[in-house]
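Residues 93 to 495 (our numbering) make up the sequence shown, in order.
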Amino acid sequence: MSRRKPIDSKILEASKEFNAEVFAETVKGAFADLPDYRRNQNRVLYPVWYLSLVVLCGFFCGCNTIEEIADYADHQEDWFSSLLGERVSAPSHGALWWFLVKTPAGALKSYIQKWFRKIPGALKNQLLAIDGKRLRGANFLDHITHVVELFAAEDRLCLAVEKVPDKTVEKSTLPIILEQVDVEGAIISGDAHFTVPESAERIIDAKADYLLAVKGNQPSLCAEMENFFDQAHAIEWDELPHSFHQEIDKGHGRIETREVRVVEDLDWLPNAGKWKNLACLVEVRSTRQKIGSTTNEVFRRLYISSRRASAKDFAKWVRQHWSIENKCHWIADVIFKEDNNLMDRGHSAENMGLFRRLAMNIAAVADPNRGLAAVRRAATFGSGYLKGILAIIFCREVSKNFS
């Protein structure tokens with residue numbers, strides 16, 4: 093039986109040192125310039141900073157829908173009053189609904205990004221994965237919100253979120269995202285949707301490097317790479333300079349062997365100059381064998397990159413690219429039930445997605461050694477834990493950006 097992880101001492105200390113007055117002022121300051129887009133301002137009972145705090149705490153304490161957040165706020169009215177050092181009442185479902193529907197996602201997003209501008213560690217040499225995601229499941233195709241996210245693999249932070257009409261135009265968000273985040277020194281990885289010369293140029297101009305998957309959307313490049321690697325394997329790489337790394341994993345009832353090869357001599361490659369600062373080609377060959385079976389499955393993935401590095405480094409970066417699926421998209425769908433969310437009016441779907449990612453980021457910063465599901469349980473069952481988390485983020489981190 094696995095041992096239960098003790099609560100981090102810094103969270104307990106922050107909870108004990110919690111100052112309601114400082115906390116309230118910091119939260120209010122964080123939202124001071126966020127316009128209130130609700131109708132009839134004379135009838136507004138709950139300011140946007142308070143509604144934002146309620147939604148955020150609701151997501152931390154196991155809520156996944158507006159109905160659940162409204163119930164949570166009603167049951168925790170006394171706790172919120174003690175948290176803020178003044179008597180407050182619980183907002184109704186309608187108040188929360190109108191706030192999320194009417195507030196433009198761009199306005200809310202700018203504040204969330206400002207909070208985390210200084211919180212992440214240096215992005216130099218860190219892999220930043222860019223990928224798209226639907227905020228509604230396939231069962232609700234008439235009301236889908238599609239977003240593109242930039243995710244820091246090591247820090248486990250969602251650094252940027254941009255809405256797009258559909259998956260086919262994901263690459264159009266890259267210039268916007270690169271303007272929002274200082275990516276200097278980082279490696280930006282993307283799937284084949286981003287593998288166009290314009291994307292490579294923009295990443296280099298942002299003083300970062302690219303690692304882009306090559307598939308059928310670049311038929312000439314893909315064919316040249318496949319032909320080169322096929323011939324190289326045929327002669328067993330005899331006298332062909334390259335870097336090689338092998339990994340063997342056992343699990344899920346199978347054995348998987350991954351072989352990574354990196355080639356930097358590109359004089360033979362036609363039109364290599366169209367890819368700005370192209371430095372190498374990467375092949376990842378995976379052989380999977382089910383335990384007890386005599387047959388193998390072989391898969392090959394191809395990449396281009398502007399970073400000169402060893403095959404071992406590229407093996408790590410290729411695997412880290414999938415962290416946006418495993419540590420961001422999977423968490424949103426499985427833990428927050430994002431794929432089943434029915435919110436579709438106005439800006440509600442995108443705003444709910446932003447608050448989910450804010451909760452993910454806060455958990456990654458304040459308690460990085462605990463999974464999000466465990467963080468939500470601790471926040472639900474122990475109000476002192478959540479108070480400590482909020483103190484660390486707002487009183488110690490966010491306040492730096494609003495000082």
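Even glycine gets a Cβ: it sits at the ideal position worked out from N, Cα and C.
Remember, predicted model here, so these are calculated numbers, not experimental data.
Collapsed DSSP secondary structure at C372 in the structure displayed: strand
Best match in S101, T195 and V390 for proximity to R350 [C-alpha to C-alpha]: V390
Own chain, CB closer than 8 Å to P196, minus 5 neighbours either side, in chain order: Y129 and H439
Same chain, Cβ closer than 6 Å to V114, neighbours up to 5 away in sequence not counted: C487
N- and C-terminal bounds of the alpha helix (DSSP H) containing G150: V140 to F152
Enclosing beta strand (DSSP E) for S335 [first to last residue]: S335 to G343
Distance between beta carbons of A300 and I279, contact taken as under 8 Å: 7 Å
Extent of the continuous alpha helix (DSSP H) run through R448: S440 to A458
Distance CB(V140)-CB(F152) smaller than 8 Å: no
T265 burial status per 10 Å Cβ neighbour count (16 or more: buried): buried
Sequence-distant residues of the same chain with beta carbon closer than 6 Å to Y302, five excluded per side: I280, A292, I295 and S398
For V275 and L220, believed in contact at Cβ under 8 Å, the rounded distance: 6 Å
Any 3 or more C-beta pairs closer than 8 Å across the stretch 420-431 and the stretch 328-342: no
Bounding residues of the alpha helix (DSSP H) (the contiguous stretch that carries L188): H185 to K194
Three-pair Cβ contact test at 8 Å for the stretch 369-386 versus the stretch 178-193: no
Nonlocal neighbours in the same chain, by C-beta distance under 8 Å from N363, ignoring five residues either side: S312 and L313
Three-pair Cβ contact test at 8 Å for the stretch 238-255 versus the stretch 449-466: yes
Status (buried if at least 16 other CB within 10 Å, exposed otherwise) for K479: buried
Supposed contact pair G154 and T472 - C-beta distance, whole angstroms, cut 8 Å: 5 Å
Beta-carbon gap between E375 and R353 smaller than 8 Å: yes
Reduced DSSP category for D301 - H, G, I as helix; E, B as strand; rest coil: strand
DSSP bridge partner residues for S402 (one or two, in chain order): Note: S402 sits in no beta bridge, so no partner.
Best match in L446, H344, A455 and H337 for proximity to A401 [C-alpha to C-alpha]: H337
CB contact flag (A284, V306, <8 Å): yes
Beta-carbon contacts of A230 that lie in its chain and below 6 Å, excluding the five residues immediately before and after: Low local confidence applies: a pLDDT of 41 at A230 is under 50, so the model's placement there is unreliable, and no value is given.
Cut-off 6 Å between Cβ atoms - residues of its own chain near R392, not counting five sequence neighbours on either side: R377
N-terminal and C-terminal residue of the alpha helix (DSSP H) that A470 is part of: L464 to F473
CB contact flag (F110, A483, <8 Å): yes
Under the three-state DSSP convention, the category V352 falls into: strand
Three-state secondary structure assigned by DSSP to F494: Per-residue confidence for F494 stands at a pLDDT of 41, beneath the threshold of 50, marking its modelled position as unreliable; no derived number is given.
Exposure label - N443; buried when at least 16 CB within 10 Å: buried
Alpha-carbon to alpha-carbon, A456 and W422: 15 Å
Under 8 Å between C-beta atoms of C372 and E356: yes
Cα-Cα separation between A441 and G186, rounded to whole angstroms: 16 Å
Continuous beta strand (DSSP E) stretch holding E505: start and end: This structure does not reach residue 505, given that the chain is present from 93 up to 495, and the question cannot be answered.
Rounded separation between E159 and A403 - CA only: 50 Å
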